[in-house]
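Trainee: Can you keep this structure in mind? I'll have questions shortly.
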Amino acid sequence: MRRVYLDNNATTPVLPEVFEAMKPFYLEEFGNASSIHHYGQHARAAVEKARAHVAALLNARPAEIVFTSGGTEGDNTALFGLVQRGDHIVTSSIEHHAVLNTCKRLEQMGCEVTVVPVNGRCEVDPGEVRKALRPNTRLISIMMANNETGVIQPVEEIGKIAQEADVFFHTDAVQAAGKIPVDVQKIGCDALSISGHKIHAPQGTGAMYIRKGTLIQPLIYGGSHERQRRAGTENLPGIVGLGKAAEISKQWLESGGPAEMAAMRDRLQDEILARVEAVGVNGQGAPRVPNTTNLWFDFIEGEALVIALDLKGLAVSSGAACSSGAIEPSHVLLAMGVSHERARSSIRVSLGKQTTADDVDFAIQVLPETVGRLREISPLYQKARVG
Ligand code: PLP
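Structure, rendered in structure tokens:
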């Protein structure tokens, strides 16, 4: 059976070049980067080469890059590391739970949190961020691109607001890195997190940018690895993989990759809009990363559609989360003012660097068929048609 994977915002496959680059570091070149012998020196050189590639992807200095276990750790490190009890944090209603739940914990620990809203296109208004500032505001944490809709946030404007107010600015760039240019100088952020497995490196890898001179408390204590900012023996093969993926991403960004990917995504989206009725795009009209579209199909349960598509060989996702046994619609879509019903009828389709035009054709064929079949058995749809 043919299988097509269009859920790259959940995770991406490790690219063959990335896997090849990692392989020797499991076998012959297995040293501990802190050791002084030959093995250790080779490991250290590989870690530093990877650091330079990640720095180049973000337009940072290598010394400003800290390797982590992924986006969640980067977000936690930025938030726990930059604020103290009594401080105020400004974040947004569409952040990933790695930020939102960390903010909840910080509230329990005596911090104050303001969650700014978004408009119907999933955009944070920088004016709202400015309005939320208080004398005790210490940190603004607003993501660069949303994982569910792909909508790009005005991080450069928010960075300016943070600089003027002299507060820290962290951005979760997990869904932006490798898809659009991410330039820490332009953004003017003090901290930024990325995740390896969203850019074709292995799961459980990631990196943070921490601006030189930023006083940040580590999340993990131990040895003096990563310039005292993140203890623990480096994940050598993972770091090598992340470095390779960063190098590939930079070349891809500079050689027209995003425009090609956006054209494939747009073709997919336009065909679905043309072939299916009672359908629309969440976040339409806003700037988006080139790989993502989030579509609603009235009279259909997103979860049922994901399962039916999977049976046909197409992997996509619904933004819904299972909490205490019930399926909850996506907090992101609800924050945009999308109705519960429509949020529940939404799915996310996300392309990767491995996605081909044939894969898109497959989705264009399978999606309308499956939506049609589910609507045939939907009493609500039948009623609406008769009505
Ligand atoms: N932030 C965003 C926007 C994400 O999409 C994700 C993963 O889905 C994360 C953070 C968490 O990253 P990781 O899975 O590497 O911990």
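If you're matching positions, the sequence shown starts at 1 in my numbering and goes up one per residue. C-beta atoms are modelled at their ideal positions from N, C-alpha and C, and glycine is treated no differently. Every value quoted in this text rests on a predicted model; they were computed, and no experiment measured them.
Please classify P135 as buried or exposed, where buried requires at least 16 neighbouring CB atoms within 10 angstroms.
Mentor: By the 10 Å Cβ count, P135 comes out exposed.
Trainee: So what's P340 in DSSP terms, helix, strand or just coil?
Mentor: Before going on, a small fix: residue 340 reads as His here, not Pro. The answer is helix: DSSP assigns H340 an H, G or I state.
Trainee: Using alpha carbons as the reference points, say which of T171, R211, L309, D266 lies closest to L351.
Mentor: For L351, the nearest C-alpha among the options comes from D266.
Trainee: With DSSP as the reference, label I94 as helix, strand or coil.
Mentor: Here I94 sits in coil by DSSP.
Trainee: Spell out a yes or no on whether the stretch 115-122 and the stretch 166-183 are touching, meaning 3 or more CB-CB pairs, one atom from each, closer than 8 angstroms.
Mentor: Because the criterion of three Cβ pairs below 8 angstroms is not met, the stretch 115-122 and the stretch 166-183 do not touch.
Trainee: Checking contacts by CB at 8 angstroms: is E303 closer than that to chain D?
Mentor: No chain D appears in this structure, which consists of one protein chain only.
Trainee: Give the straight-line distance between the Cα atoms of H340 and K131, rounded to the nearest whole angstrom.
Mentor: The alpha-carbon atoms of H340 and K131 are separated by roughly 29 angstroms.
Trainee: Quick one, are the C-beta atoms of H200 and P13 less than 8 angstroms apart?
Mentor: Taking 8 angstroms as the Cβ cut-off, H200 and P13 qualify as a contacting pair.
Trainee: Identify the continuous beta strand (DSSP E) that holds A207 and give its terminal residues.
Mentor: Residues 206-210.
Trainee: Under the three-state reduction of DSSP, which class applies to D394: helix, strand or coil?
Mentor: Because residue 394 is not part of the residues shown, which for the chain are 1 to 387, the question remains open.
Trainee: Bridge partners for V118 per DSSP, in chain order?
Mentor: BP columns for V118 point to V124.
Trainee: Any idea which residues DSSP pairs L309 with across the strands?
Mentor: In DSSP, L309 forms no bridge with anything.
Trainee: Would you identify the three-state DSSP class for Y5, choosing helix, strand or coil?
Mentor: Y5: strand per DSSP, three-state reduction.
Trainee: Check the C-beta distance from G440 over to T149 and give it rounded, since I have them as a contact under 8 angstroms.
Mentor: Residue coverage of the chain in this structure runs from 1 to 387, which leaves residue 440 outside it and unanswerable.
Trainee: If we require 3 or more residues per run, which beta strand (DSSP E) segments fall completely within the stretch 194-273?
Mentor: Runs found: 206-210.
Trainee: Which of the three DSSP states, helix, strand or coil, is assigned to R134?
Mentor: Here R134 sits in coil by DSSP.
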